[in-house]
Amino acid sequence: MAHDEVNTTPVEPGAERPGKVLFVVGSDQLITHGIPDSGVVIGRAPECDLVLDHRAFSRRHAVLRRVPALTVQDLGSTNGIRINGRVQRGGDPVPLAPGESFHIGPFSFLVVDAQAAEPSTDRTGRDRLLVEDPTVTGVSPLVVEVAKSGINVLVQGETGVGKEVLASSLHQLSGRTGPLLSINCATLSESLLESELFGHEKGAFTGAVGVKAGLLEAAEGGTVFLDEVGEMPLSLQAKLLRAVEAREVRRLGSTRSIPVDVRIIAATNRDLAEESAAGRFRPDLFFRLDGVSLRIPPLRERKHAIGPLALTFIDEVARRIGRTDLRATPELLVALASHDWPGNVRELKAVIERAVLLARGAQLGSRHLAFASDPKARPAPVAAAPSAAATVASVPAVSEVPEFLDAEQRADRARVIAALEECAGNQTRAAKRLGIARTTLVNKLALYRIPRPRT
Numbered sequence: 542m543a544h545d546e547v548n549t550t551p552v553e554p555g556a557e558r559p560g561k562v563l564f565v566v567g568s569d570q571l572i573t574h575g576i577p578d579s580g581v582v583i584g585r586a587p588e589c590d591l592v593l594d595h596r597a598f599s600r601r602h603a604v605l606r607r608v609p610a611l612t613v614q615d616l617g618s619t620n621g622i623r624i625n626g627r628v629q630r631g632g633d634p635v636p637l638a639p640g641e642s643f644h645i646g647p648f649s650f651l652v653v654d655a656q657a658a659e660p661s662t663d664r665t666g667r668d669r670l671l672v673e674d675p676t677v678t679g680v681s682p683l684v685v686e687v688a689k690s691g692i693n694v695l696v697q698g699e700t701g702v703g704k705e706v707l708a709s710s711l712h713q714l715s716g717r718t719g720p721l722l723s724i725n726c727a728t729l730s731e732s733l734l735e736s737e738l739f740g741h742e743k744g745a746f747t748g749a750v751g752v753k754a755g756l757l758e759a760a761e762g763g764t765v766f767l768d769e770v771g772e773m774p775l776s777l778q779a780k781l782l783r784a785v786e787a788r789e790v791r792r793l794g795s796t797r798s799i800p801v802d803v804r805i806i807a808a809t810n811r812d813l814a815e816e817s818a819a820g821r822f823r824p825d826l827f828f829r830l831d832g833v834s835l836r837i838p839p840l841r842e843r844k845h846a847i848g849p850l851a852l853t854f855i856d857e858v859a860r861r862i863g864r865t866d867l868r869a870t871p872e873l874l875v876a877l878a879s880h881d882w883p884g885n886v887r888e889l890k891a892v893i894e895r896a897v898l899l900a901r902g903a904q905l906g907s908r909h910l911a912f913a914s915d916p917k918a919r920p921a922p923v924a925a926a927p928s929a930a931a932t933v934a935s936v937p938a939v940s941e942v943p944e945f946l947d948a949e950q951r952a953d954r955a956r957v958i959a960a961l962e963e964c965a966g967n968q969t970r971a972a973k974r975l976g977i978a979r980t981t982l983v984n985k986l987a988l989y990r991i992p993r994p995r996t
């Protein structure tokens, strides 16, 4: 999807301009607002085009225009607008570069393509910030637009849901040319974390035998991923806030500030709003990191994803150990879907790796599963597989549609059944009709709980 472009070319009367939408995130809200040629006036006054009833806004705070170019102008507000870490109050309109955001109080504003921001009829604003598939190819168009912008992102979710995968996807989609560097704020002592983030000069402390650039400096032009940022000590939060706002760092033992160009992606399994209210996290740093909040739901809330993920992990492990003949049984997938997965995707991957290593034959079944959680939480015994006598030579007796399948998977299941019926149960011909490999069809039969034809 292309970035927003500043258009200075006159538009013929009656011609439509490319659709652009103002995307607003902050204070636990998500708002989309169209941008007409006349512009959008933002403020607290009822007569404004976009009314935001928050103390950070003046009655008529700012105006966003898209003609003849994309600009934002402060209207003499009290708090001004923040662009690139600088506060603008009054003055001329400020051009907005493609994908550039601006900020007022805890709210972030980003212009996106209308297609990306188009709300569906059955999803709330908060739902549209959920990321069920954190991979590069799985994120929504809206998340792609967020990735391409320079806005900081806060990724929330339980341990093991894939926050690091999403950070990697956001970096890959951002177009930034520098590296992605990561650090876990919960695993290092305060002094070591400070050195890793900001670097140090020779002799800054005992053991500092040379000069070392910190992550914020080494990631120039790229992205820094701060995992478990909620565990960062308050003293370091103050130093990180200065670095983010001023876009510069100062190594330990140095008096010289070094300018940096980095994008921050932070992740946490804590509620930082609650942590801020309790005084355990700086509210000003929270607002700086929380440009856009993306949440990855736990695996138990996206049962439809368990089967495809499991099959992917089975293929990965099987190829690695040379077991390409290994096939998942329907019982395995039912057992996986019945588990609560307190460790989320990370636990699923570990369980699959153990199962593949335990399997001796070509069939991978529920007996190969070894869950690490409390035995009481293990899934109930599942029904035995349909016997050969229970299937006919042509088309199998199709079982009930599994409840964990989403709408797209249910539609695909129907297509698979139809292809098998048209091909009299011949799996090779059905796979060819569907345009997929035969092994892919076999995996789909297991995932969708369709008994395999015995031809």
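Numbering (the working numbering), first residue to last: 542 to 996. Even for Gly, the Cβ is constructed at its ideal location relative to N, Cα and C.
Check: Along the chain, where does the beta strand (DSSP E) that runs through Leu605 open and close?; Outcome: Ala603 to Arg606
Check: So what's Asp856 in DSSP terms, helix, strand or just coil?; Outcome: helix
Check: Could you have a look at Glu761 and say whether DSSP puts it in helix, strand or coil?; Outcome: coil
Check: Identify, in the order they occur along the chain, each residue of the same chain with its Cβ nearer than 7 Å to the Cβ of Pro647, setting aside the five sequence neighbours on each side.; Outcome: Gly567, Ser568, Ala597 and Phe828
Check: Return the CA-CA distance between Ala896 and Val886, expressed in angstroms with no decimal places.; Outcome: 15 Å
Check: Excluding five sequence neighbours on each side, which residues of the same chain lie with their C-beta closer than 6 Å to the C-beta of Lys985?; Outcome: Val957
Check: Per DSSP, what kind of secondary structure is Ser690 in: helix, strand or coil?; Outcome: coil
Check: Pick out whichever of Phe746, Asp802, Pro824 and Leu711 has its Cα sitting closest to the Cα of Asp812.; Outcome: Pro824
Check: Leaving aside the five residues before and after Ala708 along the sequence, list all residues of the same chain whose C-beta is less than 6 Å from its C-beta, in chain order.; Outcome: Phe766 and Ile806
Check: Closest to Gln697 by C-alpha separation, out of Ala814, Ile893, Thr969 and Ser907, would be which residue?; Outcome: Ala814
Check: Residues bridged to Asn725 by DSSP?; Outcome: Asp768
Check: How about Arg606 and Ala586: are their beta carbons less than 8 Å apart?; Outcome: no
Check: When you compare each of Leu757, Arg630 and Leu777 to Asp802 by their alpha carbons, which one comes out closest?; Outcome: Leu757
Check: Looking at Pro839 and Val672, is the spacing between their C-beta atoms short of 8 Å?; Outcome: no
Check: Taking the C-alpha atoms as reference points, what is the distance between Ala987 and Asn810?; Outcome: 34 Å
Check: Are there 16 or more other CB atoms within 10 angstroms of the CB of Lys743, so buried, or fewer, so exposed?; Outcome: exposed
Check: Please classify Ile583 as buried or exposed, where buried requires at least 16 neighbouring CB atoms within 10 angstroms.; Outcome: buried
Check: Beta-carbon separation of Gly906 and Thr870 under 8 Å?; Outcome: yes
Check: Counting C-beta neighbours from all protein chains within 10 Å, is the total for Phe746 16 or more, i.e. buried, or is it exposed?; Outcome: exposed
Check: Please classify Leu670: is it buried, with 16 or more other beta-carbons within 10 angstroms of its beta-carbon, or exposed?; Outcome: buried
Check: Given Leu877, which residues of its chain have a CB within under 6 Å of its CB, disregarding the five upstream and five downstream residues?; Outcome: Ile847 and Ala851
Check: Tell me whether Gly617 is buried or exposed, calling it buried when 16 or more other Cβ atoms sit within 10 Å of its Cβ.; Outcome: exposed
Check: What residue from Glu888, Leu899 and Ile837 has the CA that sits closest to Leu867's CA?; Outcome: Leu899
Check: If Gly580 sits next to Val604, beta carbons under 8 Å apart, how far is it from one beta carbon to the other, in whole angstroms?; Outcome: 5 Å
Check: Give me whichever residues DSSP pairs with Ala754 in a beta bridge.; Outcome: Gly740
Check: With a floor of 4 residues, list each alpha helix (DSSP H) that falls wholly inside the segment 780 to 856, ordered by position along the chain.; Outcome: 813 to 818 and 824 to 830
Check: Determine which residues share a DSSP beta bridge with Ile645 and list them.; Outcome: Phe648
Check: Got a sec? Which residues, its chain only, sit under 7 Å from Ala859 by beta carbon, not counting five neighbours each side?; Outcome: Thr865, Leu867 and Val897
Check: Of all the options Val942, Gly884, Gln904 and Asn967, which has the alpha carbon lying nearest to the alpha carbon of Glu699?; Outcome: Gly884
Check: Would Ser642 be called buried (16 or more neighbouring beta carbons within 10 Å of its own) or exposed?; Outcome: buried
Check: Using C-beta distances below 6 Å, list every residue in its chain close to Tyr989, excluding the 5 sequence neighbours before and after it, in chain order.; Outcome: Arg954
Check: Note down, in chain order, each residue of its chain lying with its Cβ closer than 8 Å to the Cβ of Glu705, except the 5 sequence neighbours on either side.; Outcome: Ser723, Phe766, Asp768 and Ala808
Check: Could you spell out where the beta strand (DSSP E) holding Asp494 opens and where it closes?; Outcome: As displayed, the chain neither begins before 542 nor continues past 996, which places residue 494 out of reach and without an answer.
Check: Under three-state DSSP, which class holds Leu910?; Outcome: coil
Check: Take Leu738 as the anchor and find which of Ala749, Lys753 and Gly748 has the nearest alpha-carbon.; Outcome: Lys753
Check: Below 8 Å on the Cβ atoms is my contact criterion, and I expect Leu793 with Ser736 to pass it. Report the Cβ-Cβ distance as a whole number of Å.; Outcome: 6 Å
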